[in-house]
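Right, one structure below, let's go through it.
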Amino acid sequence: MIEVMDATQVPHARAAGALVGRILAELRARTRAGTNLLELDAWTREMQREAGAVSCYVDYAPSFGRGPFGHHLCTSVNDAVLHGLPHDRALVDGDLVSLDLALSLRGVVADAAISFVVGERPTPEDTALIDATQRALAAAVEAARPGARVGDVSHAIGTVLTAAGYPVNLDFGGHGVGSTMHQDPHVANHGEPGRGYKLRPGLLLALEPWAMVDTAELVTDDDGWTLRSATGCRTAHSEHTVLITPGGAEVLTTPPA
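In UniProt numbering, the protein residues as written are 1 to 257.
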């Protein structure tokens, strides 16, 4: 299913995106050595409740997971990159953390992810990895224009990641959002330009470049959810929800200044 927002839904999409951006910014500001992943999940639950938002994760039970997910936030650390199930783990200086949040507000979903290193001295390797996913996301936003094809967006992401020297996994990528979290079109993190669904105003897309340092292969934890690099290498994940407008892609999940 592919949904296209009408004029009455667009303000709700913007409000949902702004809330996701604000919550992720607040979580990042609160995270330090000693912060427990379950604390991050609890803080997310409380901020969603206060805003009147509904979690997209608590009852989420897709075929690839061991559902329902049962938490409000994906917390992936170091070699974990996607669907990190929160558990009783205190973060330490140097941990590379990815937080992924999707919620519904007034019937419209927004989805975003951030990656950062706990503490004040990230390694050059971690900085380069996170930066590559952010640059790939910026390239995807630039490519997501009315009349462009999904393949143009995928190609923009893959070009940045491969130029930075990172393998690209095609099992999981971006996707449409709307009244539900995962919709068509699928937006792979590499692809052929000029191919796929043609973008048009009103379309909401969650664009999410993610990378692992030295492998494109994932393994799944015993929890049935957390996806890690097969080699144990570090990982990073950056994501925004964007609205296709007549003038290009409007990023809805930018954190507040």
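Note that CB positions come from ideal geometry on N, CA and C, so glycine has one too.
Of the residues the options, which one's Cα is nearest the Cα of residue i?
{"i": "Gly21", "options": "Thr162, Thr35 and Gln48", "result": "Gln48"}
{"i": "residue 264", "options": "Ser55, Pro68 and Asp93", "result": "Given a span of 1 to 257 for the chain in the structure shown, any question on residue 264 remains unanswerable."}
{"i": "Leu207", "options": "Ala80, Leu96, Asn36 and Thr254", "result": "Thr254"}
{"i": "Glu120", "options": "Arg32, Leu73 and Val81", "result": "Arg32"}
{"i": "Gly147", "options": "Ala249, Ser76 and Ala163", "result": "Ala249"}
{"i": "residue 315", "options": "Ala163, Gly232, Leu40 and Gly196", "result": "Shown here, the chain extends from 1 to 257; a query on residue 315 therefore has no answer."}
{"i": "Arg89", "options": "Asn36, Ala163 and Ala144", "result": "Asn36"}
{"i": "Gly247", "options": "Gly202, Leu85 and Gly232", "result": "Gly202"}
{"i": "Ala113", "options": "Tyr166, Ala188, Leu27 and Gly196", "result": "Leu27"}
{"i": "Tyr197", "options": "Thr235, Arg45, Pro122 and Ser154", "result": "Ser154"}
{"i": "Phe69", "options": "Pro86, Val81, Asp79 and Ala53", "result": "Pro86"}
{"i": "Asn78", "options": "Pro122, Val242 and Gly67", "result": "Pro122"}
{"i": "Ala7", "options": "Leu243, Ala257 and Pro256", "result": "Leu243"}
{"i": "Gln183", "options": "Gln9, Ala143, Cys233 and Leu205", "result": "Leu205"}
{"i": "Thr162", "options": "Ala61, Leu19, Met5 and Gly191", "result": "Gly191"}
{"i": "Arg145", "options": "Ala156, Thr127, Ala16 and Arg200", "result": "Arg200"}
{"i": "Asp126", "options": "Tyr60, Cys74, Ser98 and Arg30", "result": "Ser98"}
{"i": "Asp111", "options": "Arg14, Glu142, Ala42 and Arg30", "result": "Arg14"}
{"i": "Leu38", "options": "Glu217, Cys74, Thr245 and Pro124", "result": "Cys74"}
Should residue i go down as buried or exposed, given a rule of 16 or more other Cβ atoms within 10 Å for buried?
{"i": "Arg149", "result": "buried"}
{"i": "Ala140", "result": "buried"}
{"i": "Leu170", "result": "exposed"}
{"i": "Gly178", "result": "buried"}
{"i": "Ala52", "result": "Correcting the residue type first, residue 52 is Gly in the shown sequence and not Ala. Gly52 comes out exposed."}
{"i": "Thr235", "result": "buried"}
{"i": "Pro185", "result": "buried"}
{"i": "Gly34", "result": "exposed"}
{"i": "Val81", "result": "buried"}
{"i": "Val168", "result": "buried"}
{"i": "Ala156", "result": "buried"}
{"i": "Ala143", "result": "buried"}
{"i": "Ala29", "result": "exposed"}
Spatial neighbours of residue i within its chain, please: C-beta separation below 7 Å, excluding the five flanking residues on both sides.
{"i": "Cys56", "result": "Ala102, Leu103, Ser104, Val109 and Met181"}
{"i": "Thr231", "result": "Asp214 and Thr215"}
{"i": "Cys233", "result": "Asp79, Met212, Val213, Asp214 and Thr215"}
I believe residue i touches residue j by the beta-carbon criterion, under 8 Å. Please report the beta-carbon distance rounded to the nearest angstrom.
{"i": "Ser76", "j": "Thr226", "result": "7 Å"}
{"i": "Ile2", "j": "Gly176", "result": "6 Å"}
{"i": "Asp222", "j": "Arg228", "result": "Contact doesn't hold; Cβ gap of about 11 Å is too wide."}
{"i": "Val213", "j": "Leu129", "result": "6 Å"}
{"i": "His240", "j": "Val251", "result": "5 Å"}
{"i": "Leu91", "j": "Ser115", "result": "Leu91 to Ser115, Cβ: 13 Å. No contact."}
{"i": "Ala188", "j": "Gly173", "result": "4 Å"}
Given residue i, which residues of its chain have a CB within under 8 Å of its CB, disregarding the five upstream and five downstream residues?
{"i": "Val160", "result": "Ala132, Arg135, Ala136, Ala139 and Pro209"}
{"i": "Arg65", "result": "As written in the sequence, residue 65 is Gly, which differs from the Arg given in the question. His83, Gly224 and Trp225."}
{"i": "Gly194", "result": "Arg149, Gly151 and Asp152"}
{"i": "Val10", "result": "Gly202 and Leu243"}
{"i": "Pro256", "result": "Ala18, Gly21, Arg22 and Ala25"}
{"i": "Met5", "result": "Ala13, Val108, Gly178, Gly202, Leu203, Leu204 and Leu243"}
{"i": "Glu217", "result": "Asn169, Ser229, Ala230 and Thr231"}
{"i": "Val58", "result": "Pro68, Phe69, Gly70, His71 and His72"}
{"i": "Pro124", "result": "none"}
Output needed for residue i: all residues of its chain with C-beta closer than 6 Å, excluding positions within five of it in sequence on either side, in chain order.
{"i": "residue 259", "result": "Residue 259 lies beyond the stretch modelled for the chain, which goes from 1 to 257, so this question has no answer here."}
{"i": "Arg45", "result": "His72"}
{"i": "Val54", "result": "Ser104"}
{"i": "Ala16", "result": "Leu105, Val108 and Ala110"}
{"i": "Ala61", "result": "Gly67 and Pro68"}
- Task: Return the chain-ordered ranges of every beta strand (DSSP E) run that is complete within the stretch 84-127 and spans a minimum of 3 residues.
- Result: Runs found: 96-105 and 108-117.
- Item | Runs of beta strand (DSSP E) lying entirely within the stretch 8-45, each at least 3 residues, in chain order | Within the stretch 8-45, no complete beta strand (DSSP E) run reaches 3 residues.
- Task: Can you check the stretch 170-257 for any beta strand (DSSP E) of at least 3 residues that lies completely inside it and give the ranges in chain order?
- Result: Taking only runs of at least 3 residues, the beta strand (DSSP E) segments lying wholly in the stretch 170-257 are 174-176, 183-187, 204-207, 210-212, 218-220, 227-229, 235-237, 240-245 and 248-251.
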